[in-house]
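Trainee: The opening position of the sequence shown corresponds to residue 34 in my numbering, with each subsequent residue numbered one higher.
The beta carbon of each residue, even a glycine, is placed where N, CA and C say it ideally should be.
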Amino acid sequence: MKKRILSAVLALGLLLTTPALATQDGTFSRIRTYTGQFSDLAADSTFYDNVSALYEYGLSVGKADGTFGPADSLTVGQAVIFAGRIRSLYRTGDPEAGPHAYGGDGGPVAAMYLRYLQAEGVLDHTLDDCLADTATRAQMAHVLANVLPEEILPPIHDSLVTQAYAARQAITDVTEYTPYYQDILALYRKGVCIGVDDTGSFLPDASITRGAAAAMLTRMVDPELRVTPPWGTAEDTHSAQETTLGDLVEPGTYIAAPATGDEMDESIRYMLANNSHQLTLNYPGISVVQARSVMEEAIAILKSYCEQGYNSVTCNFNAAGTIILNFSAVSLSDTQVAAYRTASMEAAIAVHDQLWADGTLTEDMTDAEIARVYYTWICENCVYDYGATETSLSHLPYSLFENGIAVCDGYTGAYNMFLKLEGIDCYALSNDSHIWTVANLDGAEVHIDTTWGDSNPAAINYTYFAMTPEESWQQHSW
34 MKKRILSAVL ALGLLLTTPA LATQDGTFSR IRTYTGQFSD LAADSTFYDN VSALYEYGLS
94 VGKADGTFGP ADSLTVGQAV IFAGRIRSLY RTGDPEAGPH AYGGDGGPVA AMYLRYLQAE
154 GVLDHTLDDC LADTATRAQM AHVLANVLPE EILPPIHDSL VTQAYAARQA ITDVTEYTPY
214 YQDILALYRK GVCIGVDDTG SFLPDASITR GAAAAMLTRM VDPELRVTPP WGTAEDTHSA
274 QETTLGDLVE PGTYIAAPAT GDEMDESIRY MLANNSHQLT LNYPGISVVQ ARSVMEEAIA
334 ILKSYCEQGY NSVTCNFNAA GTIILNFSAV SLSDTQVAAY RTASMEAAIA VHDQLWADGT
394 LTEDMTDAEI ARVYYTWICE NCVYDYGATE TSLSHLPYSL FENGIAVCDG YTGAYNMFLK
454 LEGIDCYALS NDSHIWTVAN LDGAEVHIDT TWGDSNPAAI NYTYFAMTPE ESWQQHSW
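#1: In the DSSP output, which residue or residues are listed as bridge partners for VAL471?
#2: Hey, how far is the Cα of GLN274 from the Cα of LEU388?
#3: DSSP has SER361 in a bridge; who is on the other side?
#4: If you reduce the DSSP assignment to three classes, tell me which class ILE438 lands in.
#5: How close, in whole Å, do the beta carbons of ASN464 and HIS509 come, if the pair is a contact with beta carbons under 8 Å?
#6: Within the continuous beta strand (DSSP E) that includes LEU314, where are the two ends?
#7: Go through its chain and collect everything with a Cβ distance to ASP138's Cβ below 6 Å, but skip five positions before and after it.
#8: Using a Cβ-Cβ cut-off of 7 Å (strictly less than) and excluding sequence neighbours within five positions of ASP418, which residues of its own chain qualify?
#9: Our contact map puts ALA199 next to VAL384 with C-beta atoms below 8 Å; I'd like the distance itself, whole angstroms only.
#10: Could you pull out every unbroken beta strand (DSSP E) segment of at least 3 residues lying fully inside the segment 353 to 418, listed in chain order?
#11: Cutting at 6 Å between CB atoms, please list the residues of its own chain near THR347, excluding the five before and the five after it.
#12: Within the chosen definition, does the segment 119 to 133 reach the segment 191 to 207 through at least 3 CB pairs nearer than 8 Å?
#13: Helix, strand or coil for PHE350? Go by DSSP, reduced to three states.
#14: Going by DSSP in three states, THR125 sits in which element: helix, strand or coil?
#15: Taking ARG252 as part of the alpha helix (DSSP H), name the residues at either end of that continuous run.
#16: How many Å lie between LEU218 and SER326 at the Cα?
#17: So, is ASN307 buried or exposed, given that buried needs 16 or more other C-beta atoms within 10 angstroms?
#18: Alpha carbon to alpha carbon, how far is PRO502 from HIS467? Give it in angstroms, no decimals.
#19: So, helix, strand or coil for ASP108, using DSSP?
#20: Note the first and the last residue of the continuous alpha helix (DSSP H) segment covering TYR303.
#21: Between PRO141 and LEU305, what straight-line distance do the alpha-carbon atoms span, to the nearest angstrom?
#22: For PRO291, I'd like the list of residues in its chain whose CB is within less than 6 Å of its CB, leaving aside the five on either flank, ordered along the chain.
#23: Once DSSP output is grouped into helix, strand and coil, what is the label at THR159?
#24: How is SER240 classed by DSSP in three states: helix, strand or coil?
#25: Just how far apart, CA to CA, sit THR242 and GLY279?
#26: Starting from TYR83 and walking both ways along the alpha helix (DSSP H), at which residues does that stretch end?
#27: Please return the same chain residues whose Cβ sits closer than 8 Å to the Cβ of ILE457, not counting the five positions on each side in sequence.
#28: Under a Cβ-count criterion, where at least 16 other Cβ atoms within 10 Å of its own Cβ denotes burial, should THR195 be classed as buried or exposed?
#29: Contact defined as beta carbons within less than 8 Å: I believe VAL248 pairs with ASN83. What is the distance between those atoms, to the nearest angstrom?
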């Protein structure tokens, strides 16, 4: 017990005396020079720069026999040790000071590094019984994802990765069902990983080699070693990059006291075109009942713009008649709604650009042909969420793009985003239990129901694509 207390005191002393600013500003220093210490590291090795850097940053001295073993597998415990050293280097200026404060119990060496990372909030307890196991690449991603804060290891390829992943252009062997998939994507976004081929395949279930681990580790501490994904996004004349959700709305004129549905639509379009979620109106002498009526009219009109990702509203008004309508979605905070709207737009743009880049969409196609391509994409990339509740994300386009599940307003919102990116005029039409798309395709008004088109898991049903109003009425009246 006395020995453990002394170790803890020593570690505390290191924490207090080491000039932490040397690393907490994001600058890690190489403390020694690699001069061939590893006998099996050839100068032309794929991981030469990374393994030698791992030595120079003081993160590894290799194996006892003087080798490093770039092709050898790594255990979960060894991955945790490396991660603990980086965290300690960042926090204390010394790769061992932090973990050593959690040692002394006679257990596996890796255990004290694990306890240190858990105390720092980097890891949870899911790996407690796995330290002796061979680490998978997914487990390695989990161990590393939160070792350094975002201000030290920022997401430098956020949009590139988000768009390519959403468009199924890259990292296709990682899905929402892959263990630690968010951690894996985080490494791509931060330039720590680019995968093993031109499309960024990660091989999450494969074991991680010591060479590949060295690459990830050193990219975390050395910005010059970080990498850029080899894929790109469409940048030709059909790219929709920089388009916002506000751009998908025909600008309206602000009317302070809308007296008709058309005037309310003008004010709502004014709000949406300015990428705002708040609308201030003024009705002097308005009553509670009248205020509620205004609120209900506003949300009913907003349903026709379901691609915007709003489906709820709160109302505040005062005695002077000033009404403030705040639009949100499925009980989310304003920050969450904004984040989901942004992610949805980025994903829709990525799919749009990719379909043009790979020739699926071409200049000679009619509106109907373009709309059918997107109808097919929606049905192939989403399933209906039969377990959805009133507050499920499945009501938003975000869920379709991010999770591949949605209900009718999620389907319709995502589909309308695609059509509006193509300049096709459309809106959402609803009844008491359903919502679908009305679009102008090549001069004709048609009804399109992507939800019902995806109702058969075995095949896409094109009966619900480009229905006449009369045909649509037979399916769902309004």
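Mentor: The structure says:
#1: Locating residue 471 in the sequence shown gives position 438, where the first residue counts as 1. Answer is TYR460, HIS480, bridged to VAL471.
#2: Here residue 274 corresponds to residue number 241 of the sequence shown, with the count starting at 1. Here residue 388 corresponds to residue number 355 of the sequence shown, with the count starting at 1. Their backbone Cα atoms lie some 14 Å apart in a straight line.
#3: Within the sequence shown, numbered from 1, the residue matching residue 361 stands at position 328. Paired residue(s): SER345.
#4: Counting from one through the sequence shown, the residue named residue 438 turns up at place 405. In the three-state scheme derived from DSSP, where H, G and I count as helix and E and B as strand, ILE438 is classed as strand.
#5: Taking the first residue of the sequence shown as position 1, residue 464 is located at position 431. Taking the first residue of the sequence shown as position 1, residue 509 is located at position 476. The beta-carbon separation of ASN464 and HIS509, rounded to 6 Å, stays under the 8 Å limit for a contact.
#6: Counting from 1 along the sequence shown, the entry for residue 314 is found at position 281. Element bounds for LEU314: 311 to 315.
#7: The residue you call residue 138 lines up with position 105 of the sequence shown. Non-local C-beta neighbours of ASP138 in its own chain, meaning closer than 6 Å and more than five positions away in sequence, are absent.
#8: Here residue 418 is taken as the residue at index 385 of the sequence shown, counted from 1. Excluding residues within five positions, the ones whose Cβ falls inside 7 Å are SER425, SER427, ILE438, ALA439, VAL440.
#9: Here residue 199 corresponds to residue number 166 of the sequence shown, with the count starting at 1. Here residue 384 corresponds to residue number 351 of the sequence shown, with the count starting at 1. Between the beta-carbon of ALA199 and that of VAL384 there is about 7 Å, and that keeps the pair under the 8 Å contact cut.
#10: Segments of the beta strand (DSSP E) lying fully in the segment 353 to 418: 355 to 361.
#11: As a first step, residue 347 is located in the sequence shown; it is residue number 314 there, counting from the start. ASN359.
#12: Result no; under three Cβ-Cβ pairs closer than 8 Å.
#13: As a first step, residue 350 must be located in the sequence shown, where it is residue number 317. Looking at PHE350 - three-state DSSP - the assignment turns out to be strand.
#14: Within the sequence shown, numbered from 1, the residue matching residue 125 stands at position 92. DSSP places THR125 in helix when its eight states are reduced to three.
#15: By 1-based counting over the sequence shown, the position of residue 252 is 219. Looking at the DSSP string, the run of the alpha helix (DSSP H) that includes ARG252 is 243 to 254.
#16: On the sequence shown, residue 218 is found 185 positions in, with the first residue counted as 1. On the sequence shown, residue 326 is found 293 positions in, with the first residue counted as 1. CA-CA distance, LEU218 to SER326, rounds to 45 Å.
#17: On the sequence shown, position 274 is the one that residue 307 refers to. Counting the other CB atoms within 10 Å of its CB gives ASN307 a total below 16, which places it among the exposed residues.
#18: Here residue 467 is taken as the residue at index 434 of the sequence shown, counted from 1. Here residue 502 is taken as the residue at index 469 of the sequence shown, counted from 1. Note on geometry: alpha-carbon atoms of HIS467 and PRO502 lie some 16 Å from one another.
#19: Indexing the sequence shown from 1 puts residue 108 at position 75. Sequence inspection shows Thr at residue 108; the Asp mentioned does not correspond to that position. The answer is strand: DSSP assigns THR108 an E or B state.
#20: Translated into the one-based positions of the sequence shown, residue 303 becomes position 270. That run of the alpha helix (DSSP H) goes 294 to 306.
#21: Indexing the sequence shown from 1 puts residue 141 at position 108. Indexing the sequence shown from 1 puts residue 305 at position 272. PRO141 and LEU305 have their C-alpha atoms spaced approximately 58 Å apart.
#22: Residue numbering aside, residue 291 sits at position 258 when the sequence shown is read from its first letter. Within its own chain, the residues whose Cβ lies closer than 6 Å to the Cβ of PRO291, once the five positions on either side in sequence are excluded, are MET297, SER300, listed in chain order.
#23: By one-based count along the sequence shown, residue 159 stands at place 126. If DSSP states are grouped into helix, strand and coil, THR159 belongs with coil.
#24: Along the sequence shown, read from residue 1 onward, the residue named residue 240 stands at position 207. Annotated three-state conformation of SER240 is strand, per DSSP.
#25: Indexing the sequence shown from 1 puts residue 242 at position 209. Indexing the sequence shown from 1 puts residue 279 at position 246. Annotation: THR242 to GLY279 spans about 47 Å, alpha carbon to alpha carbon.
#26: Within the sequence shown, residue 83 is the residue found at index 50, counting from 1. The sequence shown places Asn at residue 83, not Tyr. Start and end: 81 to 89.
#27: The residue given as residue 457 occupies position 424 in the sequence shown. Around ILE457: ASP400, ILE403, ALA404, ALA472, ASN473, LEU474.
#28: Taking the first residue of the sequence shown as position 1, residue 195 is located at position 162. With 16 or more other Cβ atoms within 10 Å, it is buried.
#29: As a working mapping, residue 248 is identified with position 215 in the sequence shown. As a working mapping, residue 83 is identified with position 50 in the sequence shown. Per the sequence shown, residue 248 should be read as Ala rather than Val. So it is a contact: roughly 4 Å between Cβ atoms.
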